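Student: Below is the structure I would like to discuss, written out as structure tokens.
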Amino acid sequence: MKILSASQIRELDKLTISHKPISSIDLMETAACECVKWILQNLSTQNFTILAGRGNNGGDGLAIARLLHNQGKEVEVFWIENSPQISIDCQINHERLPKEIPITLLNAQNCNLHIPAESVCIDAIFGVGLSRPLEGWLADLLKKINNLPNLKIAIDIPSGMYADQPQPAESTIFRANYTLTFHQAKLNMLLPQTGNFAGKIAVLDIGLLKEYEREMPCNYFLLSENLVKSWYQERLPRPIFAHKGTFGHSLLVAGSLGKGGASILAAKACLLAGTGLLTLLVPPCNYSPLQTAVPEAMLLLSSAQNYIRNDNHDFSSFKAVGVGCGIGLHEETQVFLKNLLQKAQAPLVLDADALNILAQNPDWLSLLPVNSILTPHPKEFERLAGSWQNDHEALEKQTAFAQKYHCFVLFKGAYSRIATPQGKIFFNPTGNPAMATGGMGDVLAGIITALLAQGYSPEKALCIGVYAHGLAGDLAQQKRNAIAITPTMLLEELPIAFAKLSVS
Ligand SMILES: NC(=O)C1=CN([C@@H]2O[C@H](COP(=O)(O)OP(=O)(O)OC[C@H]3O[C@@H](n4cnc5c(N)ncnc54)[C@H](O)[C@@H]3O)[C@@H](O)[C@H]2O)[C@@H](O)CC1
Ligand SMILES: Nc1ncnc2c1ncn2[C@@H]1O[C@H](COP(=O)(O)OP(=O)(O)O)[C@@H](O)[C@H]1O
Ligand SMILES: [K+]
1 MKILSASQIR ELDKLTISHK PISSIDLMET AACECVKWIL QNLSTQNFTI
51 LAGRGNNGGD GLAIARLLHN QGKEVEVFWI ENSPQISIDC QINHERLPKE
101 IPITLLNAQN CNLHIPAESV CIDAIFGVGL SRPLEGWLAD LLKKINNLPN
151 LKIAIDIPSG MYADQPQPAE STIFRANYTL TFHQAKLNML LPQTGNFAGK
201 IAVLDIGLLK EYEREMPCNY FLLSENLVKS WYQERLPRPI FAHKGTFGHS
251 LLVAGSLGKG GASILAAKAC LLAGTGLLTL LVPPCNYSPL QTAVPEAMLL
301 LSSAQNYIRN DNHDFSSFKA VGVGCGIGLH EETQVFLKNL LQKAQAPLVL
351 DADALNILAQ NPDWLSLLPV NSILTPHPKE FERLAGSWQN DHEALEKQTA
401 FAQKYHCFVL FKGAYSRIAT PQGKIFFNPT GNPAMATGGM GDVLAGIITA
451 LLAQGYSPEK ALCIGVYAHG LAGDLAQQKR NAIAITPTML LEELPIAFAK
501 LSVS
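Next up, the structure:
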């Protein structure tokens, strides 16, 4: 699914209105109906306070007020003079508002509002038409609302948030629990500095014409379940006469003294994600726990007791190599990595300390085999590519890095994003904050390695792996309604996540 810019969405709105037998006021009515449908399905609240502006986002808000009232809900409206003009469709919806709905005008002279604590607060002040940061009484009003304990829902985009431009520092933005957004998530909702203001995102289909969208140039995409399923199913069903050799032999280079757990987590994930065979190269200090915890794996031992060193093992039979989880930064481990980069024949996944070693030896980046997969969290990426002032700069750095070194760069976190060497970015919608616990990345590295070993291309292995990892995290979180989950809990759900992706 494309993540279009605000101007492209406006263009798509216009194209839909001119090519479909639908007027702009009816499109607004569709948008409002979809919002109300979502609200009735997801909330049992009786009272709603609508904050509506005077543009089309405000028009949506006024239509939502009427539709909720028609459903027997208690509704009140604050009509906010945020612009000198009233849009035509907003004016029409103002006229359509039943007179039983109390409406209070708010402007610079009168901006006092009282919202009962039990009322759900709906923000329809600004949509994607925002052209400058909020200031003065409007910014003060939003700050006041943000401090209220009420449940808050933003329509299309939280007011004050830019859709796709760098957000000026210190901007005032409506802080939503949910954002009901039309057609697609907006770029800034998926980025860390602004995304927190959107809360949970629900994308509502309002029938914009997909055939025009297809032709719009765009480098940003949100992975959809259907796309990931279609890629995963390319290698399914497994042939009846398949054997362990059919699904590839993975090598994981992992662990050091005190970090043997990382190799166990990565190994279990690699097996559950379907590798046919698994070998680990580990230091002897991790030998016993690994043999006990993961009897399915074969072990190659480093000649150094507590870390991995370059022993000239033969890696030619492996279909995929995952390197880095818990390996540490020992000088001899660094030499091992350099040698691996120079000799690698199989596709590589570089995680954790493999990335930190690269950051310490930037000259070795030129040794990265084409289409290698790098899986940094933000700090690891900063070590590799330098710091950034804002999310957009980070996004540009990620794209530029992937293009310069012809590699795939996964920038991990909420809405983890995958940069391809061709300049595309895929955002991942699965996963949740309960997954913010140590070892989650090790599991992911094991999953991606297993998918590569089974023959998926690096791009598909990475996208399927990230999506399935987040999905398993969601299943593990939902099963227990957990605040935090461990990587072990996620591993338990991994077969179910892959089973879900295997059915159309
Ligand atoms: N056909 C359509 O165009 C549809 C539009 N829809 C809604 O329309 C919204 C976009 O509406 P608009 O383009 O009217 O824009 P907004 O409603 O976001 O903005 C309203 C007005 O505020 C002014 N403004 C911008 N930044 C300001 C600031 N910082 N301080 C004061 N005033 C400022 C703008 O000049 C504009 O006149 C979407 O987000 C969506 O909610 C939906 O109804 C679906 C259909
Ligand atoms: N708030 C969150 N929402 C979604 N996914 C998350 C969140 N926090 C962490 N994750 C996921 O958990 C994993 C953490 O990886 P990483 O930071 O490398 O962990 P570790 O180094 O401890 O193994 C990543 O895949 C990341 O996307
Ligand atoms: K809004």
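UniProt numbering puts the first residue of the sequence shown at 1, with every later residue one more than the last.
The C-beta atom is built at its ideal place from N, Cα and C for all residues, glycine as well.
Quick caveat: nothing in here was measured; it's all calculated off a predicted structure.
1) What does the Cβ neighbour count give for Arg66, buried or exposed, with the cut at 16 atoms within 10 Å?
2) Any heavy atom of ligand 2 closer than 7 Å to the Cβ of Pro429?
3) What first and last residue would you give for the beta strand (DSSP E) that runs through Trp79?
4) Provide the residue span of the beta strand (DSSP E) that contains Ala202, from first to last.
5) Exposed or buried, what is Met440 when buried is set at 16 or more other beta-carbons lying within 10 Å of its beta-carbon?
6) Since Asp351 and Gly322 should fall inside the 8 Å C-beta cutoff, what is the C-beta to C-beta distance between them, to a whole number of angstroms?
7) Tell me whether Asp164, by its Cβ, gets closer than 7 Å to a heavy atom of ligand 3.
8) With DSSP run on the structure shown, which of helix, strand or coil describes Gly322?
9) What's the C-alpha gap between Ala262 and Ile327?
10) Skipping 5 residues on each side, what residues in its chain have a beta carbon closer than 8 Å to that of Glu100?
11) To which residues of the same chain is Leu475 closer than 8 Å at the C-beta, ignoring the five residues directly before and after it?
12) Buried or exposed: Ser256, going by 16 or more other Cβ atoms within 10 Å of its Cβ?
13) Is Arg175 buried or exposed, if buried means 16 or more other CB atoms sit within 10 Å of its CB?
14) Would you mind working out which of Asn196, Ala202, Ala461 sits nearest His183, comparing C-alpha positions?
15) Taking 8 Å as the cut-off, does the region 408-415 touch the region 207-217 (at least 3 CB pairs, one atom from each stretch)?
16) What three-state label does DSSP hand Cys407 in the structure shown?
17) At 4 residues or longer, what runs of the alpha helix (DSSP H) sit wholly inside the region 350-396?
18) Along the chain, where does the alpha helix (DSSP H) that runs through Lys479 open and close?
19) Which residues share a DSSP beta bridge with Asn47?
20) Relative to ligand 2, is the shortest distance from any of its heavy atoms to the C-beta of Asn432 smaller than 7 Å?
21) Going by C-alpha to C-alpha distance, which of Ala293, Gly260, Pro295, Glu296 sits closest to Cys285?
22) With Met440 as the anchor, note down where its alpha helix (DSSP H) starts and where it stops.
23) Starting from the N-terminal end, write out each residue whose C-beta falls within a distance shorter than 7 Å of any non-hydrogen atom of ligand 5.
24) What beta strand (DSSP E) runs, 3 residues minimum, are completely inside the region 416-441?
25) Let's test the definition: count the other Cβ atoms within 10 Å of the Cβ of Ser317 and tell me whether it reaches 16, buried, or not, exposed.
26) Using CA coordinates, which residue listed in Lys244, Tyr287, Gln389, Val294 is at the minimum distance from Leu277?
27) Between Tyr220 and Ile425, how many whole angstroms is the CB-CB distance? I'm expecting something under 8 Å.
28) Considering Ser250, what are the terminal residues of the beta strand (DSSP E) in which it resides?
29) Asp205: which of Met435, Lys500, Leu27 sits nearest, CA to CA?
30) Between the Cα of Asn371 and those of Gln46, Ala461, Val253, spot the shortest distance and give me the residue it belongs to.
31) Just the Cα atoms here: how many angstroms apart are Phe48 and Asp353?
32) What is the DSSP secondary structure of Asp311, reduced to helix, strand or coil?
33) For Thr179, which of helix, strand or coil comes out of DSSP?
34) Could you check what DSSP says for Asp123 in three-state terms: helix, strand or coil?
35) Roughly how many angstroms separate the alpha carbons of Leu290 and Ala269, rounded to a whole number?
36) Where do the N-terminal and C-terminal ends of the alpha helix (DSSP H) with Lys14 fall, by residue?
Tutor: So, to answer that:
1) buried
2) no
3) 74-80
4) 200-204
5) buried
6) 7 Å
7) no
8) strand
9) Cα to Cα, Ala262 sits roughly 9 Å from Ile327.
10) His69
11) Glu493, Ile496, Ala497
12) Around the Cβ of Ser256, a 10 Å sphere holds 16 or more other Cβ atoms; the residue is buried.
13) buried
14) Ala202
15) no
16) coil
17) Contiguous alpha helix (DSSP H) elements confined to the region 350-396 occur at 353-360, 378-385, taking only those with 4 or more residues.
18) 458-480
19) In DSSP, Asn47 forms a bridge with Glu74.
20) Flag set: Cβ of Asn432 near ligand 2.
21) Gly260
22) In the DSSP assignment, Met440 falls within the alpha helix (DSSP H) that extends over 440-453.
23) Absence of ligand 5 is noted for the structure shown, with ligand 1, ligand 2 and ligand 3 being the only ligands found.
24) 417-419, 425-427
25) With a 10 Å radius around the Cβ and a threshold of 16 neighbouring Cβ atoms, Ser317 comes out exposed.
26) Lys244
27) 5 Å
28) According to the DSSP assignment, Ser250 belongs to the beta strand (DSSP E) that extends over 249-253.
29) Leu27
30) Out of Gln46, Ala461, Val253, Ala461 has the C-alpha closest to the C-alpha of Asn371.
31) 51 Å
32) coil
33) strand
34) strand
35) 14 Å
36) 6-19
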